[in-house]
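Engineer: Under our numbering, the first residue of the sequence shown is numbered 6, with each subsequent residue one higher. We put the CB at the ideal spot given by N, CA and C, even for glycine. Here the structure is a predicted model, which means the values were calculated and not measured. Below are the structure tokens for one structure; questions will follow.
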Amino acid sequence: MSGALGGLRVVDCSRLIAGGVLATTLADHGADVIKVENPRGGDPLRTWLRDRGELWWKVYARGKRSITLNLTRPRGQAVLRRLVRDADVLIENFVPGTFERWGLGWDVLSAENPRLVFARVSGWGQDGPYRDRPGFGTMVEAMSGFAAATGPADGPPTLPSFPMADMVAALAGATAVLAALRHRDQVSGRGQVIDISLYEPLLSVLGPAVAEYALDGRIRIRHGNQSDNASPRGTYRTRDGKWVALSASTPTSATALFKSLGLEAMLADPRFATNDARVAHNDLVDAALSRAIGGRTLDEMLDLFEKVDLTASPVYDAADISKDPHVLARGILMDVPDPVLGAVRMTAPTPRLSAAPASIRWVGPPLGAHNREVYASIGLDDTEIEDLARDGII
């Protein structure tokens, strides 16, 4: 099956993660994604974990066709204009203004293909005083309020250990691309520009933090795994050095938790009698639970909590995920064949469509692996392709 987006052609000129994962999401659902890379080294993502077979590249660039094209040269720019004539979507994530400097602005591209959807990814957006700032996810995670609200109360603002801002922007961007395509096909008959910043999608994920501040000046503070709205809630170390996560803020679940751990006396204490009271005394709640849970193994805790129907789970790392029976039963992980590593394990596409399921066709390809077939498809003959190669254009 070709997937829900079979027949859609995407030209992906982005580098690294945000724009790349946007395109990969479309590829998972059947789009023909042509990855455009500089002939000298390709996407910088290829260098990440290169000593382990370009692992990041093979995961994040899965399902794409790779071509090389030097966009800094006029001949390369002319080739891109030919590529977009038959494309539905063009994705780029260069510093704002770069494509205009190369003669590839919206006025030029839309003249080549009025139905083109042009997705432009940047750190801060295509306008505004920060548009020319470096757009790395770390800066966005710091200025979005995420870091300020994350980490222990007595510790520093904490950044995520994975490219959160990029991934959130990629998913938001994929949604916007589909909306723009529907508008083209059902309303206007024409494409449009999509301005995707890393900053705004991550800011929106933080929910009503700005609304709270506007209402009464409240600013969220760091408090580790505790919650402003629910108690008990957190992760707790067990006797065997493992961790259990739990949430028990409703009257029924809090009562079951305290009784199961022999902490019935807390139920009669007004400091712990209601969820609001427990939130106000979260440190005391955490201390009591840490002592009680710390005397038992993880398996003992999970068995106990299951008997009283509490929402609790082990804290997993990659090794735990890889052997979890639910993960295995649902096929959440899949091994994609690779000529170098034999296979690359990665998460299967999600969510799942019943009538047009997504799929992973292949791992991120070698640099320029599809040059000849792609360039032939836009009318270049062997002589022209070889001439472009000699000139360093491809």
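Quick check on this structure: which residue in Ala36, Ala28, Leu31 has the alpha carbon closest to the alpha carbon of Gly11?
Structural biologist: The residue labelled residue 11 in the question sits at position 6 within the sequence shown. Closest by alpha carbon: Ala36.
Engineer: From Lys63 to Lys69, what does the alpha carbon distance come to, in whole angstroms?
Structural biologist: Here residue 63 corresponds to residue number 58 of the sequence shown, with the count starting at 1. Here residue 69 corresponds to residue number 64 of the sequence shown, with the count starting at 1. One C-alpha to the other measures close to 10 Å.
Engineer: For Leu88 versus Phe123, is the C-beta spacing smaller than 8 Å?
Structural biologist: If you number the sequence shown from 1, residue 88 lands on position 83. If you number the sequence shown from 1, residue 123 lands on position 118. Cβ atoms of Leu88 and Phe123: not closer than 8 Å.
Engineer: Alpha carbon to alpha carbon, how far is Leu109 from Ala154?
Structural biologist: On the sequence shown, residue 109 is found 104 positions in, with the first residue counted as 1. On the sequence shown, residue 154 is found 149 positions in, with the first residue counted as 1. Distance between the alpha carbons of Leu109 and Ala154: 40 Å.
Engineer: For Asn230, count the other beta carbons within 10 Å of its own beta carbon; 16 or more makes it buried, fewer makes it exposed. Which is it?
Structural biologist: Working through the sequence shown from its first residue, we reach residue 230 at position 225. Result: exposed.
Engineer: Assuming contact is defined by CB atoms lying nearer than 8 Å, are Gly142 and Met169 in contact in what I supplied?
Structural biologist: Mapped onto the sequence shown, residue 142 falls at position 137. Mapped onto the sequence shown, residue 169 falls at position 164. Their beta carbons are under 8 Å apart, which means Gly142 touches Met169 by this criterion.
Engineer: Which of the three DSSP states, helix, strand or coil, is assigned to Trp53?
Structural biologist: Residue mapping note: residue 53 aligns to position 48 of the sequence shown, counting from 1. Coil at Trp53, not helix or strand.
Engineer: Which residues share a DSSP beta bridge with Phe123?
Structural biologist: To locate residue 123, count along the sequence shown from 1; it is residue 118. In DSSP, Phe123 forms a bridge with Leu95, Val198.
Engineer: For Gly369, count the other beta carbons within 10 Å of its own beta carbon; 16 or more makes it buried, fewer makes it exposed. Which is it?
Structural biologist: One-based indexing of the sequence shown puts residue 369 at position 364. Classification of Gly369: buried, given that the 10 Å Cβ count is 16 or more.
Engineer: Exposed or buried, which one is Ala23 when buried takes at least 16 other CB atoms within 10 Å?
Structural biologist: The residue labelled residue 23 in the question sits at position 18 within the sequence shown. With 16 or more Cβ atoms within 10 Å of its Cβ, Ala23 is classed as buried.
Engineer: Fully enclosed by the region 293–318, which alpha helix (DSSP H) runs are 4 residues long or longer?
Structural biologist: List check, alpha helix (DSSP H) in window: 303–312.
Engineer: In three-state DSSP terms, what is Ile399?
Structural biologist: For the purposes of this step, residue 399 is taken as the residue at position 394 of the sequence shown. It is coil, neither helix nor strand.
Engineer: Which first and last residues belong to the alpha helix (DSSP H) in which Gly25 is found?
Structural biologist: Taking the first residue of the sequence shown as position 1, residue 25 is located at position 20. Counting along the chain, the alpha helix (DSSP H) containing Gly25 begins and ends at 23–33.
Engineer: How is Val219 classed by DSSP in three states: helix, strand or coil?
Structural biologist: Here residue 219 corresponds to residue number 214 of the sequence shown, with the count starting at 1. Before going on, a small fix: residue 219 reads as Ala here, not Val. Reduced to three states, the DSSP call for Ala219 is helix.
Engineer: Taking the alpha helix (DSSP H) that Met144 belongs to, which residues open and close that run?
Structural biologist: Locating residue 144 in the sequence shown gives position 139, where the first residue counts as 1. Per DSSP, Met144 belongs to the alpha helix (DSSP H) from 142–148.
Engineer: Since Val368 is in the beta strand (DSSP E), which residue starts that stretch and which ends it?
Structural biologist: Working through the sequence shown from its first residue, we reach residue 368 at position 363. Taken as a continuous stretch (DSSP letters only), Val368 belongs to no beta strand (DSSP E), as it is neither H nor E.
Engineer: Is the beta carbon of Ser258 sitting closer than 8 Å to the one on Arg238?
Structural biologist: Here residue 258 refers to the residue found at position 253 when the sequence shown is read from its first residue. Here residue 238 refers to the residue found at position 233 when the sequence shown is read from its first residue. Not a contact, by the Cβ cut-off of 8 Å.
Engineer: Taking the alpha carbon of Gln131 as the point to measure from, which residue in Trp111, Tyr65, Leu393, Ser115 has its own alpha carbon closest?
Structural biologist: As a position in the sequence shown, residue 131 is number 126, starting the count at 1. Comparing Cα-Cα distances from Gln131 to each of Trp111, Tyr65, Leu393, Ser115, the minimum goes to Trp111.
Engineer: I'd like to check one pair, Asn98 with Thr73: are the Cβ atoms closer than 8 Å?
Structural biologist: Start at 1 with the first residue of the sequence shown, and residue 73 comes out as number 68. Start at 1 with the first residue of the sequence shown, and residue 98 comes out as number 93. No, the Cβ-Cβ distance between Thr73 and Asn98 is not below 8 Å.
Engineer: Does the region 236–250 come into contact with the region 297–306, if we say contact requires no fewer than three beta-carbon pairs (one atom in each stretch) closer than 8 Å?
Structural biologist: These segments touch.
Engineer: What are the boundary residues of the alpha helix (DSSP H) that includes Leu251?
Structural biologist: For this step, residue 251 is matched to residue 246 along the sequence shown. Not the alpha helix (DSSP H): Leu251 falls in the beta strand (DSSP E), residues 248–252.
Engineer: Counting beta carbon pairs with one atom in the region 168–185 and one in the region 205–224, are three or more of them shorter than 8 Å?
Structural biologist: As far as the Cβ criterion goes, the region 205–224 touches the region 168–185, which means the pair count is three or higher.
Engineer: So does the region 313–328 actually touch the region 25–34, counting three or more Cβ pairs closer than 8 Å?
Structural biologist: Touching, no, given that fewer than three Cβ pairs across the two stretches are closer than 8 Å.
Engineer: Below 8 Å on the Cβ atoms is my contact criterion, and I expect Ala261 with Leu294 to pass it. Report the Cβ-Cβ distance as a whole number of Å.
Structural biologist: Counted from its first residue, the sequence shown places residue 261 at position 256. Counted from its first residue, the sequence shown places residue 294 at position 289. Actually they do not touch by this definition, with Cβ atoms about 13 Å apart.
Engineer: Starting from Met351, follow the beta strand (DSSP E) in both directions and report where the run begins and ends.
Structural biologist: Within the sequence shown, the letter at position 346 stands for residue 351. Element bounds for Met351: 347–352.
Engineer: For Gly212, which of Asp221, Gly150, Asp190, Val192 has the nearest alpha-carbon?
Structural biologist: As a working note, residue 212 is residue 207 in the sequence shown. Nearest of Asp221, Gly150, Asp190, Val192 to Gly212, Cα basis: Gly150.
Engineer: Pick from Ala185, Met271, Ile201, Pro161: whose alpha carbon is nearest that of His286?
Structural biologist: As a working note, residue 286 is residue 281 in the sequence shown. Measuring from the Cα of His286, the nearest candidate turns out to be Met271.
Engineer: Which value, in whole angstroms, describes the spacing of the CA atoms of Ala418 and Asp387?
Structural biologist: Only positions 6 to 399 of the chain appear in this structure, which leaves residue 418 out of reach.
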